[in-house]
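See below for the structure under consideration.
Protein chains: 4
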Amino acid sequence: MTKPLRIGMIGYGFMGRTHTNGYKRVGDFFPELEYRPVLQAACARSEDKIQAFADQWGYASIETDWRKLIARDDIDAVDICVPNNLHKEMAIAAAEAGKMILCEKPLALNSAEGEEMCAAVEKAGVPNTVWYNYRRVPAVTLAKHIVDSGKLGRIFHYRANFLQDWTINAELPQGGAGLWRLDAAAAGSGVTGDLLAHCIDTALWLNGSISNVTAMTETFIKERVHTETGQKQKVSIDDACAFMCHFANGSLGLFESTRYARGHKALYTLEINGEFASLRWDLHDLHRLEVFDYKDEPALRGWKSVHVTDNGGEHPYMDKWWVPGLQIGYEHTFVHQVADFLKSLEDGTPCSPTFRDALETQKVCDAVLASAQDHSWKNV
Amino acid sequence: MTKPLRIGMIGYGFMGRTHTNGYKRVGDFFPELEYRPVLQAACARSEDKIQAFADQWGYASIETDWRKLIARDDIDAVDICVPNNLHKEMAIAAAEAGKMILCEKPLALNSAEGEEMCAAVEKAGVPNTVWYNYRRVPAVTLAKHIVDSGKLGRIFHYRANFLQDWTINAELPQGGAGLWRLDAAAAGSGVTGDLLAHCIDTALWLNGSISNVTAMTETFIKERVHTETGQKQKVSIDDACAFMCHFANGSLGLFESTRYARGHKALYTLEINGEFASLRWDLHDLHRLEVFDYKDEPALRGWKSVHVTDNGGEHPYMDKWWVPGLQIGYEHTFVHQVADFLKSLEDGTPCSPTFRDALETQKVCDAVLASAQDHSWKNV
Amino acid sequence: MTKPLRIGMIGYGFMGRTHTNGYKRVGDFFPELEYRPVLQAACARSEDKIQAFADQWGYASIETDWRKLIARDDIDAVDICVPNNLHKEMAIAAAEAGKMILCEKPLALNSAEGEEMCAAVEKAGVPNTVWYNYRRVPAVTLAKHIVDSGKLGRIFHYRANFLQDWTINAELPQGGAGLWRLDAAAAGSGVTGDLLAHCIDTALWLNGSISNVTAMTETFIKERVHTETGQKQKVSIDDACAFMCHFANGSLGLFESTRYARGHKALYTLEINGEFASLRWDLHDLHRLEVFDYKDEPALRGWKSVHVTDNGGEHPYMDKWWVPGLQIGYEHTFVHQVADFLKSLEDGTPCSPTFRDALETQKVCDAVLASAQDHSWKNV
Amino acid sequence: MTKPLRIGMIGYGFMGRTHTNGYKRVGDFFPELEYRPVLQAACARSEDKIQAFADQWGYASIETDWRKLIARDDIDAVDICVPNNLHKEMAIAAAEAGKMILCEKPLALNSAEGEEMCAAVEKAGVPNTVWYNYRRVPAVTLAKHIVDSGKLGRIFHYRANFLQDWTINAELPQGGAGLWRLDAAAAGSGVTGDLLAHCIDTALWLNGSISNVTAMTETFIKERVHTETGQKQKVSIDDACAFMCHFANGSLGLFESTRYARGHKALYTLEINGEFASLRWDLHDLHRLEVFDYKDEPALRGWKSVHVTDNGGEHPYMDKWWVPGLQIGYEHTFVHQVADFLKSLEDGTPCSPTFRDALETQKVCDAVLASAQDHSWKNV
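Chains as they are written, first to last, in numbering that gives the first Met the number 0: chain A, 0 to 379; chain B, 0 to 379; chain C, 0 to 379; chain D, 0 to 379.
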């Protein structure tokens, strides 16, 4: 007999779709789980839009005031899928109402907000997680297993990029649906919170904490029409951001992200170099992990492209899907996170990354933005 | 207001899962469609197994006798997901009962059976399709668009492989759940009907009809324990099959398939070489299409890896999914086929490949197997 | 104290250049060898052309009559770099004159000629070799070492392609300098002797003898202007050739070659699939060998790209060149063959492939062409 | 009638071999050049070693005192292939003696030395060049042509890495033959002068000058046995160095180099992202250039792998070598630089990079090392 987990979704954008898809599919592929998400209610200010969303995806009801959603007795968990500047208020209110929270990344506009949010969920004792979904790409989870096994030995280098090219066009406005990511008021930052936050989350998970950073940001297009005013306004977000850092384990880090790398749509790449082995991964072929093992037979050493599609139990999550050789895609990372969240409820354990875990990423982002501001190294 | 399409599913194996997933997801991603699949009933001889399948996936009822399923008034379409030797009888019965039919590939054990099936569906006038799902990989559909545009000019070569390695182990038995593909009685043939049939279907679609063939087959492991008898028995299927052919358009074809290519799990690759351009694709990275265009600037000619993930309308089906750079996977091909089937009902057009289309593939398979038998060229 | 090996070169075309470069460079990179090639004389009918060639490359003298060259006392070894229809007569004459012979591939127009040539060199007891240079790509030599080690276990499949696109243009004439490869009178065959012969030589070396074949050839452009007559004449060579075969070890072979594969310049690829491991190589990135090892840790199995540039003794020939990571190219294969030939003189051993080894390739080519002629399987 | 260019080579190590090979081969492949290098004399302190080198490579004479070499009347050009701390003195002496100079990179230990060297060659008016050989990889030269054509539009990003792994072993000593690169006294710096200098030279050439930098260096193995003392001594070089920078054209730069990236032997990669097109290259497959062109047909946009082997005049330098599809290697870059140097003598033009050009790289290296020292941004 399964138990329902009644979801209250706030938002209906790109992330609203990916999370909802996760809720809907998890039961088909993880039938052993005790809990089953139920699409209880979806919420947004625009009644028309949220009704259309609810109809398409099958939410049982709608709300246009998120406070009402949070107040409803028939909601167990609140999913926050709105611009970053709204996370804090909603999360704290949901915690105070005793709701579980699944919050879209980044956790908050900054770590001060994040601290308040952590305090709230911890005080309330409610299960909480942040949607840093790339941890649940099977190839990335496999990388984590390999790192944890000690196979790499001492770590020397970690590097990650997140390269896109969708804002090169100067005619693209800032603000509004889908484009609030270009508006600093809504997003807090540009690529730092949007893209680098993913890279940092994975890095902290795989390689431990970051001690200090020095960063550089750039805004290539200085002014864009704002959709709310119809006027050209200064663009305040970072179009590109790079930083160098030291990890606590003594390794060096190099991170870069931009929306001006012509030819790359969502090229999140990561590489970690250890004494005995190295790993590489990229999001454009997310079902592959590249591995170099120095302990291989010397004449046959090389980079190996592991097609992470084995359903025989060797590859994380893959026993839930199809047969060897058949790849899954981007959306499955959200199904996996839902599954892990449901499992954590069964087990009474936290579902990583929790708000507290995600706060660490926020602190690195803050240090990065501060360093870019005054051009000096910053401790995290 | 959407209309229900009540599905009666026969079978619950790997294909039962992929088809069912297609039915369940299509509404979320193709909300504009008039029809919506409803999981009305699932059927198999084993009551326990089919009940478990129905419970997991949400079928409203079960049957243990496929004739009863077909007879039910509340079933609009029958999906045949059982071993190949059962296709004919079920399909003909379903057609006679006036049901639409979605039949797993290959259409039949041979083209004689296939002819009967075509006659039955055509006499009954019921919509029908065969699950040659790789036509609906967006990269393959894009290849079709490019070929149809005439960009390639005169075609010289077509080659395709389907390489696997899962039966190298001599201890693997034949027969039984999941392993009926090694049993000639159930499967009709080995890799020819299982794997080459896919390659042939795509080839006929992209490059037109095949005139004649010469083939070679091999059974590397001569005897395997049969799960029904517990005894070692002669293996009658082809473990590997290769053939050369002439296409009607004057181009040469080369096809190979095996389950003994160590290192390849599901490496379906195809390449087509034309006078002005060439295309390549492989299933291990199914979201990419490689294109060589001789009309490019001479110094910059080269093979281009197109990441077929553009949601701006440039790439087939991709406007239904996520954002550029984010790949989909294997299972989506079935969602696409369901969507196209539903659309064909709206439009009153056939959904390719129909039984009649799939019969062409069957004829090539028959010629291949006959040629392998007597070592001579055969006309198709 | 080194000993001179005085070379008499017949021909000055593409192969004349690659061989000469091999002679000139071998001493710099293989200083331990006892013999050193000396560019004693170059020979061709056109005095102007051969003088220009001799001047550019540093041959000490020229001849315009190959019989005179062969007769000279100051020539130790004759290098035959002329169209295939001239090989037999020159080689037999050189053998009778007691000269060592380095003959460009294919050995002859057919195996009857090849038999005579073998008889001649064996009767004369002169060292002899045929320039199947791809055996000396370090990655291919490494493949040979791996196969010989038994690491692959039982072999199931061998496949090789040699794909080019340089004759698609119908305006290209046949005959004349550089284009005699399109003239059956000079070349004997088209891609079979020119390209497939390479694939066959490597295959026999790596995977043992071929028992029988069935082949298909095509001439896509039926008529071309002949440079000697200025008239359009029937093209008698094969523009494309594919064949299937059985190896004596029970494995299946599939070979294809064409000059009409748009986008491929010299894409010689080979793959061998064994029970425990598989290998792949291609000429477009000739410094890499791909290896799949089933005995790897299961979760980390994958195709490994070995950059065959290790100068630490792990990789064949590479200790002679630069440092790890720095690739060599096509021309080095000829330097290696010269080095091995010189070493064989020191050791008194044959330098593979000898005429006798190359005759085996010729026999397969003959069977391929005969099969293509009458559309039936042929024993080799 | 060709003119001799009599070379006096100082040094006999890895670079001594690559340069000498360049001198010896240039005439065979660039026969149209007026000048021909003559291996007049080789020089090193150890008589045995330099005699062996001269014997192997064919130098006509030896010297054990570089001042004597420079003083010889029969030397036209001096090639400096010794540790970096010796460049300045030799170069200035050679210039004063009126010799042309071909100096191994980096130009000097620092830009102060470099300035003196520039002053000396300019005062003497002697032709001079520095062996930043990667400019002459055909794919990199092609990249330069593309950038200069304006095809990329406004440049946003430039990134380059040079990753190696050969010093991970803590038992490797510092100092001595082949290992002076680990000894700060001889090398000046570690990876900065050795590897990043290459990346910077190419970057300045392709993307113009660098305005300011912030850098981070690390020495992972703190002590190594010094070959001169036999004692463990502090390692003073940088094992790894990364820096961020602004180019004068407004683009952002990111550079990294290390000898601790397990799995990479000589992975020099570069990428440049412009408004309309992007380019990528890496040294492990140096015969390929990757190109993304936004102006391609939208559905077919993608990264194109250009095999830079066209001998039809489309690809720089390739008309001198073999036929399309046949790759050249690392050593050819030196042949090309010799050819360009000889051509510059004919034309009376400078051969880039001159000492003055190389000084710009030195200035960036100085700023990088200074920034790493005090952790702040530095203007170049």
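Ideal placement from N, C-alpha and C gives every residue a C-beta, glycine not left out. The structure presented is a predicted model; accordingly, all values stated were derived computationally and were not measured.
- Within the region 4 to 83 of chain A, the beta strand (DSSP E) runs of at least 3 residues that lie entirely inside it are, in chain order, 34 to 42 and 76 to 79.
- Under the 8 Å criterion on CB atoms, D:ILE327 is classed as interfacial with respect to chain C.
- Chain-order list of chain A residues neighbouring D:ARG287: empty, with the shortest C-beta distance near 16 Å, by a criterion of under 9 Å.
- Per DSSP, the continuous alpha helix (DSSP H) segment holding A:PHE333 begins and ends at 331 to 346.
- The residues ALA119, VAL120, ALA123 and VAL125, in chain order, have a CB closer than 6 Å to that of B:ALA94 in the same chain once the five nearest residues on each side in sequence are set aside.
- DSSP, read as helix, strand or coil, puts B:ARG279 in strand.
- If you look at C:TRP204, you'll find it isn't in any beta strand (DSSP E); it sits in the alpha helix (DSSP H) that goes 196 to 206.
- With fewer than 16 other Cβ atoms inside 10 Å of its own Cβ, A:THR1 counts as exposed.
- Put simply, the region 313 to 331 of chain C does not touch the region 304 to 324 of chain A. Fewer than three CB pairs are less than 8 Å apart.
- Considering only B:LEU141, B:LEU368, B:ILE145 and B:GLN163, the residue with the shortest C-alpha distance to A:PRO323 is B:GLN163.
- If you look at B:CYS117, you'll find it in the alpha helix (DSSP H) that goes 110 to 123.
- As computed with DSSP, C:SER351 is found in no beta bridge at all.
- Close partners of A:LEU299 in chain C (Cβ separation under 8 Å): ILE145, VAL290, ASP292, LYS303 and VAL305.
- Counting of Cβ neighbours within 10 angstroms places B:HIS374 among the exposed residues, the total staying below 16.
- Annotation: A:THR140 is outside any beta strand (DSSP E); the continuous alpha helix (DSSP H) that includes it extends over 137 to 147.
- At the C-beta level, A:ASN83 and A:ILE100 stay beyond 8 Å of one another.
- A:ALA90 and A:CYS102 have their C-alpha atoms some 8 Å from each other.
- Cβ proximity to chain B below 7 Å picks out nothing from the region 330 to 354 of chain C.
- Using a Cβ distance threshold of 8 Å, A:ARG153 and A:GLY273 count as a contacting pair.
- Under the three-state reduction of DSSP, A:MET0 is assigned to coil, being neither helix nor strand.
- DSSP places B:HIS306 within a strand segment (E or B) once states are collapsed to three.
- One Cα belongs to D:ILE220, the other to D:ALA241, and the distance between them is close to 17 Å.
- Nearest neighbour of D:ALA40 by Cα position, chosen from D:ILE61, D:TYR259, D:ASP193 and D:THR332, turns out to be D:ILE61.
- In this structure B:VAL379 does not touch B:ILE199 by the C-beta definition: roughly 10 Å separates them, more than the 8 Å allowed.
- CA-to-CA, the gap between A:ILE69 and A:GLY7 works out to about 8 Å.
- By the neighbour-count criterion, in which a residue is buried when 16 or more other Cβ atoms sit within 10 angstroms of its Cβ, C:GLY21 is buried.
- Within chain B, the residues ALA241, LEU253 and GLU255 have their CB atoms less than 8 Å from the CB of C:LEU253, given in chain order.
- Boundaries of the alpha helix (DSSP H) harbouring C:ILE91: 86 to 95, taken from the DSSP string.
- C:GLU313 reaches chain A at PRO297 and ALA298, counting residues in chain order whose Cβ is nearer than 7 Å.
- The residues VAL334, in chain order, have a CB closer than 6 Å to that of C:ARG24 in the same chain once the five nearest residues on each side in sequence are set aside.
- When the Cα atoms are used, A:LYS104 and A:VAL81 turn out to be separated by approximately 10 Å.
- When secondary structure is reduced to three states using DSSP, C:GLY192 falls in the helix class.
- Nothing from the region 107 to 120 of chain D brings a Cβ to less than 7 Å from some Cβ of chain A.
- In the pairwise beta carbon analysis, the region 169 to 176 of chain D is classified as not touching the region 271 to 288 of chain D: fewer than three pairs are separated by under 8 Å.
- Secondary structure within the region 226 to 279 of chain B: the beta strand (DSSP E) runs of 3 or more consecutive residues, fully enclosed, are 231 to 233, 239 to 246, 251 to 257 and 266 to 273 (chain order).
- Look at A:ALA159 here: in three-state DSSP terms it is strand.
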